[in-house]
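Using the numbering used here, you'd call the opening residue of the sequence shown number 132 and step up by one each time. Each residue gets a CB set at the ideal place from its N, CA and C atoms; glycine is no exception. Quantities reported herein were computed from a predicted structural model and do not represent experimental measurements. Worksheet: one structure, shown below.
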Amino acid sequence: MLWFQETSKFGSKIALCDEKGHYTYQELYENAQKVAYFLMHQLHTNSLQGARIAYLFPSCKEYVAVQWGIWLAGGIAVPLSPLHPKAEMEYFIQDSEASLVILHNQFTSENFSVPSLTWQEIEYRSENLQGFSALPKVHLENPALMIYTSGTTGKPKGVILTHKNLAFQIETLVKAWEWKENDKILHVLPLHHIHGIVNALQCALYAGAEVVFLPKFEAQIVWQMWQKEVFSVFMAVPTIYNRLIAEWHKASETEKIAMQNACKSMRLMISGSAALPVSILEEWKNISGHFLLERYGMSEIGMAISNPLHGKRKAGSVGLPLPDIQIRLVDDNNQPVPQGEAGEIQVKGDNVFVGYWKKEQATAECFTADGFFRTGDIALKDDEGYYKILGRKSTDIIKTAGYKVSAIEIEETLRQHPQISDCAVIGISDDDKGEKIVGFVIAKNKELDETSLKNWLKEILAYYKIPSKVLFVEDFPRNAMGKVIKPELKKLLK
């Protein structure tokens, strides 16, 4: 039995709410069964046997029914996002060699290179299906989900997660974060990413909790919904918390009190998918009363490190290794680093994916001889075992004038400036220094200039950490999760 089949025990309990209504666990599973039988009928098989099925849906009941239906039929789910441009979705479809793509009714005008079906067709035609007496037996070792990397450091790769990977990730987080049947989460995250799929959606459903979908994040709407309904859990990325903070500042004093009171019903608020600036963490705590729980993970490993639900949470830290997951820090020669020194995070456990789709060399290169996954992220471990992320080895660790500098550290410092709303730092090739540091700044007004900013930094940072150049921009290129695509920033220099 697959993990989500166990949710049938919740029967008539509300599982999901979307823009059209409320749906029980029984209704959700029955819809998934319809999808499974329909897909087997459509592809003339008693089991999809690992066939890739792409699907394009907003956050709604049908999304879950299609995802579960693909799994029940033995297929691999390949979620697409309405946030992606058509060309990128087409790349995912072709790269995954999807047999077909299932479309929400609002996307029926989309034309792709493979056959497509609409939810309306499934609903209408599945009622008359005959000849399928049983669903296929699906093993835990079978591939279940193919999600594509964010592409912040190169062409997106298809990450293959098995049912065993997903079950381990979900069960670990449900236990660590103490998900319960009486929990209720407002879901605002994209559903093509591990954060939205596993952490916020599948964990909630596994526990029998209630998920309320908000298909498009709007800060004002989130604050309104928190005041209208009682929620206990919220998960978001730093960009979302920043926008919620900005919306709070716009409110009247009376409205601010109501907004703060709405946060009191929450037992857990989590931030992830990008480094959480300490300035945002502190301001959010002042507004909501919540010390955000920061955790660390990625498409290939799910969640591996988390600040504790109970106990000390540290600002600027992603916490401690989750149970039954091995974490180590190594140097460029794959040797363990001494305590207090920075090293690459490597991870081993049942949470770790099986490989990149059709990229055997890339898969082989990302695993060590003893089975650890090389994350490419650099971190420090303190005396209490808490990990602090310094950044991506490829984009956030800048080798300048003989020093290794963390772009995240410089960004954190820049965000402390009262006239800066956001920033990003990269290294670019330089004949003299190896790499020179370039800062990109979104200023709150036009009064701030490069000279005054550098003078301000000289009072705080070592000389070799100060950007050689600062550019003022309106916004940054970002992926669907709001993370800055740093390779794209270099184009702004041309």
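Assign residue i to one of three DSSP states: helix, strand, or coil.
{"i": "Val290", "result": "strand"}
{"i": "Met156", "result": "Looking at the sequence provided, one finds Tyr at residue 156 rather than Met. Tyr156 falls in the helix class under three-state DSSP."}
{"i": "Ser560", "result": "strand"}
{"i": "Ile544", "result": "Looking at the sequence itself, residue 544 is Thr, so the reference to Ile does not match. In the structure shown, Thr544 sits in a helix (DSSP, three-state: H, G or I)."}
{"i": "Ser178", "result": "coil"}
{"i": "Glu475", "result": "strand"}
{"i": "Glu414", "result": "helix"}
{"i": "Thr494", "result": "helix"}
{"i": "Pro274", "result": "strand"}
{"i": "Glu341", "result": "strand"}
{"i": "Arg256", "result": "helix"}
{"i": "His318", "result": "strand"}
{"i": "Gly450", "result": "strand"}
{"i": "Ala405", "result": "coil"}
{"i": "Ala532", "result": "coil"}
{"i": "Asp226", "result": "helix"}
{"i": "Pro467", "result": "strand"}
{"i": "Ala167", "result": "helix"}
{"i": "Phe365", "result": "strand"}
{"i": "Ala510", "result": "strand"}
{"i": "Ala146", "result": "strand"}
{"i": "Lys589", "result": "helix"}
{"i": "Leu584", "result": "helix"}
{"i": "Phe644", "result": "This structure does not reach residue 644, given that the chain is present from 132 up to 625, and the question cannot be answered."}
{"i": "Arg444", "result": "coil"}
{"i": "Ser525", "result": "coil"}
What does DSSP give as the partner residues of residue i in its beta bridges?
{"i": "Ile551", "result": "Ala574"}
{"i": "Arg426", "result": "Ser437"}
{"i": "Pro210", "result": "Tyr186"}
{"i": "Arg398", "result": "According to DSSP, Arg398 bridges with nothing at all."}
{"i": "Lys625", "result": "Lys625 pairs with nothing; no bridge assigned."}
{"i": "Cys191", "result": "Its beta-bridge partners do not exist; DSSP assigns none."}
{"i": "Gln457", "result": "Lys479"}
{"i": "Lys151", "result": "In DSSP, Lys151 forms no bridge with anything."}
{"i": "Pro608", "result": "Beta-bridge pairing links Pro608 to no other residue."}
{"i": "Lys600", "result": "Val569"}
{"i": "Val615", "result": "Arg609"}
{"i": "Thr249", "result": "Leu234"}
{"i": "Ile520", "result": "Ala510"}
{"i": "Gly502", "result": "Note: Gly502 sits in no beta bridge, so no partner."}
{"i": "Gly486", "result": "Ile291"}
Residue j and residue i - do their beta-carbons sit closer together than 8 Å?
{"i": "Pro598", "j": "Val569", "result": "yes"}
{"i": "Leu453", "j": "Ala307", "result": "yes"}
{"i": "Leu424", "j": "Met400", "result": "yes"}
{"i": "Val105", "j": "Phe484", "result": "Examination of residue 105 is not possible in this model, given that the chain is present from 132 through 625 alone."}
{"i": "Gln164", "j": "Leu211", "result": "no"}
{"i": "Glu581", "j": "Gln550", "result": "no"}
{"i": "Val343", "j": "His318", "result": "yes"}
{"i": "Ala182", "j": "Ser230", "result": "yes"}
{"i": "Tyr156", "j": "Lys144", "result": "yes"}
{"i": "Thr526", "j": "Lys617", "result": "yes"}
{"i": "Phe223", "j": "Ala185", "result": "yes"}
{"i": "Ala611", "j": "His235", "result": "no"}
{"i": "Lys575", "j": "Ser552", "result": "yes"}
{"i": "Ile253", "j": "Val166", "result": "yes"}
{"i": "Trp310", "j": "Ala331", "result": "no"}
{"i": "Ala350", "j": "Asp314", "result": "no"}
{"i": "Phe504", "j": "Gln477", "result": "yes"}
{"i": "Met220", "j": "Leu179", "result": "no"}
{"i": "Thr370", "j": "Gly613", "result": "yes"}
{"i": "Ala473", "j": "Leu521", "result": "yes"}
{"i": "Trp587", "j": "His548", "result": "yes"}
{"i": "Ile418", "j": "Trp379", "result": "yes"}
Kindly give me the distance between the Cβ atoms of residue i and residue j, rounded to whole angstroms, as I take these residues to be in contact under 8 Å.
{"i": "Ile87", "j": "Leu322", "result": "As displayed, the chain neither begins before 132 nor continues past 625, which places residue 87 out of reach and without an answer."}
{"i": "Pro663", "j": "Gly205", "result": "Look at the range of the chain in this structure, 132 to 625, and you will see that residue 663 is not part of it."}
{"i": "Leu300", "j": "Asn482", "result": "Note that residue 300 is Gln in the sequence shown here, rather than Leu. Right, the Cβ-Cβ distance comes to about 5 Å (below 8 Å), so this counts as a contact."}
{"i": "Lys524", "j": "Ala510", "result": "Contact doesn't hold; Cβ gap of about 10 Å is too wide."}
{"i": "Ile557", "j": "Lys479", "result": "In fact, because the Cβ distance is near 31 Å, the residues do not count as touching under 8 Å."}
{"i": "Lys530", "j": "Glu491", "result": "The Cβ separation is near 30 Å, so there is no contact."}
{"i": "Leu304", "j": "Leu276", "result": "No, Leu304 and Leu276 are not in contact; Cβ-Cβ is about 16 Å, not under 8 Å."}
{"i": "Asn438", "j": "Gly450", "result": "3 Å"}
{"i": "Leu147", "j": "Leu159", "result": "6 Å"}
{"i": "Ile207", "j": "Ser430", "result": "Not really, about 15 Å apart at Cβ, beyond 8 Å."}
{"i": "Ile573", "j": "Val604", "result": "6 Å"}
{"i": "Met390", "j": "Ala377", "result": "Their Cβ separation, rounded to whole angstroms, is 12 Å, which puts Met390 and Ala377 out of contact at 8 Å."}
task: Check whether the stretch 439-451 touches the stretch 486-498, counting contact only when three or more Cβ pairs, one atom from each stretch, lie closer than 8 Å.
output: The count of Cβ pairs closer than 8 Å, one atom from the stretch 439-451 and one from the stretch 486-498, stays below three, leaving the stretches out of contact.
message: Quick check: the stretch 400-411 against the stretch 363-375, are at least 3 beta-carbon pairs closer than 8 Å?
response: Segments in contact, yes.
message: For the pair the stretch 533-544 and the stretch 588-595, tell me if three or more CB-CB distances fall below 8 Å.
response: Between the stretch 533-544 and the stretch 588-595, the count of C-beta pairs closer than 8 Å reaches three or more; the two stretches touch.
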